[in-house]
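In what follows, a single structure is set out as structure tokens and then discussed.
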Ligand SMILES: NC(=O)c1ccc[n+]([C@@H]2O[C@H](COP(=O)([O-])OP(=O)(O)OC[C@H]3O[C@@H](n4cnc5c(N)ncnc54)[C@H](OP(=O)(O)O)[C@@H]3O)[C@@H](O)[C@H]2O)c1
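In UniProt numbering, the protein residues as written are 1 to 305.
Written as structure tokens, this is what we have:
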């Protein structure tokens, strides 16, 4: 069998790292080219340039592509990153499959209620760009909509894990009611999804996959965590303005980014679990794909002291 060359953007991060680890297990099928953009080295910095991306894609049969909003916290920069990737992928004559990591259009999903979720909107504009301006590339593209990572608890514990008060209660604050369901996934499972997508040939070309394992409220996640560690918990639903202030004071977000982050959460409060809509292929229903649950995640990681 001829090996397929897979180029992975974001290979040093959560999604790309998981894909690299999985595909390395099949050296007879895949040849891996992991791209990194070490900002210290000028040569690697050039990855930002379109020509450099095209050069990195030379000979690629498969591309796993993502953009990182949080690096520059700018929708303009993220859309440029994404369009540069799409332009370069479109000129890669050897390309058989593009897997594009995205988020849905917050404006259309919420029927215009949420206009400031820039880190979703930018990615959705890139998806639209590929679909509208690069039809040949779109014909071999699978779009994956990522959901809330369980691993956010590990990378960002101040925001996602409860804090213990003097009375021994573990407290968590989010701008959600106790019943608001959010789609969640273990990002370590990205590898399983990508492996199945690649094995499935053209099955998922032009499809958008909603990648989530469990719809859970933050209150439920907290309660389960408390039960596992046998500690009392208290979930505090706070107002959106209070939550934005917390993001600014505790996490150092700007006003605009705190609003972006809060509005993203409020989409689920006001519109329900939008990832569950029929327009998306549901990862949970893909044959052979078993995704980690919150309960399993809690058992595998030390989350509370
Ligand atoms: N956390 C969540 O719950 C969640 C949910 C849905 C979607 N997302 C999205 O996931 C994306 C980040 O992916 P991740 O979580 O896998 O990343 P991550 O672990 O935060 O690491 C960032 C990755 O992006 C790469 N990167 C940074 N700037 C880049 C650029 N200009 N061009 C190409 N690659 C660049 C970095 O690579 P080098 O530094 O090595 O170059 C690194 O591998 C964000 O856009 C975020 O909006 C996150």
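Just so it is clear, CB atoms sit at the ideal spot from N, CA and C, and this is done for glycine as well.
query                                                                                                       : result
Residue 75 beta carbon near ligand 1 (any heavy atom closer than 7 Å)                                       : no
Which of helix, strand or coil DSSP assigns to residue 170                                                  : strand
Reference residue 79; option with closest CA among 71, 67, 88 and 31                                        : 67
Any non-hydrogen atom of ligand 1 within 7 Å of residue 68 CB                                               : yes
For residue 209, the residue or residues it bridges with in DSSP                                            : 144 and 281
Segment contact flag, the region 49 to 67 with the region 95 to 106, C-beta cutoff 8 Å, min 3 pairs         : yes
Contact set for residue 244: own chain, Cβ-Cβ below 7 Å, skip 5 residues either direction                   : 258, 259 and 262
Simplified DSSP assignment, three categories, for residue 160                                               : helix
beta-carbon residue 188 near ligand 1 non-hydrogen atom, thresh 7 Å                                         : no
Residue 169: CB within 7 Å of a non-hydrogen atom of ligand 1                                               : no
Beta-carbon separation (whole angstroms), residue 294 vs residue 146, contact threshold 8 Å                 : Not confirmed; about 16 Å, so no contact.
Same chain, Cβ closer than 7 Å to residue 289, neighbours up to 5 away in sequence not counted              : 192, 193, 196 and 283
Residue 308 vs residue 183 beta-carbon contact at 8 Å                                                       : Nothing about residue 308 can be read from this structure; the chain reaches only from 1 to 305.
Minimum C-alpha distance to residue 88 - residue among 134, 122 and 110                                     : 134
Inter-stretch contact (C-beta, 8 Å, three-pair minimum) for the region 225 to 232 and the region 126 to 140 : no
Alpha carbon of residue 7 to alpha carbon of residue 165, nearest angstrom                                  : 47 Å
Meets three-Cβ-pair contact criterion under 8 Å: the region 109 to 129 and the region 271 to 278            : yes
With 16 other Cβ atoms within 10 Å as the buried cut-off, status of residue 120                             : buried
beta-carbon residue 116 near ligand 3 non-hydrogen atom, thresh 7 Å                                         : Ligand 3 is absent from the structure shown, which contains only ligand 1.
Delimiting residues of the alpha helix (DSSP H) encompassing residue 250                                    : 240 to 251
Check: residue 14 C-beta below 7 Å from any heavy atom of ligand 1                                          : yes
In DSSP terms, what residue 129 is bridged to                                                               : Answer is none; residue 129 lacks a bridge partner.
For residue 188, the nearest candidate out of 240, 32 and 301 (CA to CA)                                    : 301
Collapsed DSSP secondary structure at residue 43 in the structure displayed                                 : Because the pLDDT at residue 43 is just 48, under 50, the model does not fix this residue reliably, and the value given afterwards should be weighed accordingly. Helix, per DSSP.
Of the listed residues 51, 50 and 58, nearest to residue 33 (C-alpha basis)                                 : 58
Through-space distance from residue 167 to residue 209, alpha-carbon basis                                  : 44 Å
Buried/exposed call for residue 138, threshold 16 Cβ in 10 Å                                                : buried
Delimiting residues of the beta strand (DSSP E) encompassing residue 182                                    : 182 to 185
Proximal residues to residue 90 (C-beta, below 6 Å), its chain only, five neighbours per side dropped       : 134 and 137
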